[in-house]
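Read the structure below first, then the notes.
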Amino acid sequence: MDWLIVAPWVLVVLFFVALFAGFIDSIAGGGGLISLPALLAAGVSPAQAIATNKLSSIGGSFSASLYFVRRGVVNLNDQKLNITCTFTGSVIGAILIQHLRADMLRQVLPLLIICIGLYFLLTPRLGESDRARRLNALPYALVGGGCVGFYDGFFGPGAGSFYALAFVTLCGFNLAKATAHAKVLNFTSNFGGLLFFILGGKVVWVLGFVMMAGQFIGARLGARMVLSKGQKIIRPMVVIVSVVMSCKLIYDNHGAEIHQWISLHL
Numbered sequence: 004m005d006w007l008i009v010a011p012w013v014l015v016v017l018f019f020v021a022l023f024a025g026f027i028d029s030i031a032g033g034g035g036l037i038s039l040p041a042l043l044a045a046g047v048s049p050a051q052a053i054a055t056n057k058l059s060s061i062g063g064s065f066s067a068s069l070y071f072v073r074r075g076v077v078n079l080n081d082q083k084l085n086i087t088c089t090f091t092g093s094v095i096g097a098i099l100i101q102h103l104r105a106d107m108l109r110q111v112l113p114l115l116i117i118c119i120g121l122y123f124l125l126t127p128r129l130g131e132s133d134r135a136r137r138l139n140a141l142p143y144a145l146v147g148g149g150c151v152g153f154y155d156g157f158f159g160p161g162a163g164s165f166y167a168l169a170f171v172t173l174c175g176f177n178l179a180k181a182t183a184h185a186k187v188l189n190f191t192s193n194f195g196g197l198l199f200f201i202l203g204g205k206v207v208w209v210l211g212f213v214m215m216a217g218q219f220i221g222a223r224l225g226a227r228m229v230l231s232k233g234q235k236i237i238r239p240m241v242v243i244v245s246v247v248m249s250c251k252l253i254y255d256n257h258g259a260e261i262h263q264w265i266s267l268h269l
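The numbering used here runs 3 ahead of the 1-based position in the sequence shown.
In structure tokens form, the structure reads like this:
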């Protein structure tokens, strides 16, 4: 088991990277877009980076969830069914990803995420206030909790945005309330997925705990901003993060083809 595989100064850099990632993630999701590449750049293997990033992200999602619960924005008793379905879905997804290829999902995902960004951009009144609920408790728990939880355990990028969008469109929550509830389910699915990475022995514990501390602090700052700024900051952040995440995923999938096209046309 690896406990520390980078120089001490790299730990300091990763701490601040995680702090920024936690801040962004608590507002709009997509923190992994920042923290995961940082781990890879530090020389951590892909398997270890994914596992360690799961541990790190738990710090951020727990911090934001705790803040929203203490402020009375989220009532955990009302979320028991959502949490149960989310945890179950994430565990199933984490098990299946070890046996199935995620290539097709990796190709489709950038389109899904950019659609989320466009949806928020083109519907300026979306999430402005609470609206009528479209799905009742169990159907919503299966769709907004179980299905998104499965996705988070199976693959992961953009899960926070999917949770928030589900709360806005299917539960009728305003955008700040949806973001707060999304963090609780995000923590649940992160925890469910992490269990299997721990069993696989892939977590680099010192890096994970240092980055968890950074994400904890960053997420608390972001959570405060969600409640103080609300829709004014969440909407543009969701759009920006969706665009950047989509570009990153497209580049990861087709980087070689993009470089070849550029070299032929310059």
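All C-beta atoms in this analysis are idealised placements derived from N, C-alpha and C, irrespective of residue type, glycine included.
- Look at the region 135–207 and you find these whole runs of alpha helix (DSSP H), each 4 residues long or longer: 140–143, 151–157, 162–174, 178–202.
- Using a Cβ distance threshold of 8 angstroms, S164 and V241 count as a contacting pair.
- For V20, the uninterrupted alpha helix (DSSP H) run begins and ends at 11–31, by DSSP.
- Counting C-beta atoms within 10 angstroms of its own C-beta, A10 has fewer than 16 neighbours from the protein chains shown and is therefore classed as exposed.
- Within 10 angstroms of the beta-carbon of V15 lie fewer than 16 other beta-carbons, which makes it exposed.
- Within the same chain, D133, R134, A135, R136, R137 come within 8 angstroms of G175 by CB-CB distance, once the 5 residues on both sides are set aside.
- If you ignore the 5 residues before and after V213, its C-beta comes within less than 7 angstroms of the C-beta of L14, L17, F18, all in its own chain and listed in chain order.
- It is roughly 15 angstroms from the alpha-carbon of L115 to the alpha-carbon of C150.
- Of the candidates T89, Y70, W264, V47, the residue whose Cα lies closest to the Cα of V146 is T89.
- In this structure, the straight-line span from the alpha carbon of L210 to that of T55 is close to 7 angstroms.
- Each of P49, L124, I27, F157 was checked against the Cα of G96, and the nearest Cα belongs to F157.
- Look at the beta carbons and you see the region 45–61 not touching the region 243–257: under three pairs across the two are nearer than 8 angstroms.
- By the neighbour-count criterion, in which a residue is buried when 16 or more other Cβ atoms sit within 10 angstroms of its Cβ, G25 is buried.
- Between the alpha carbons of S93 and G161 lies a gap of roughly 14 angstroms.
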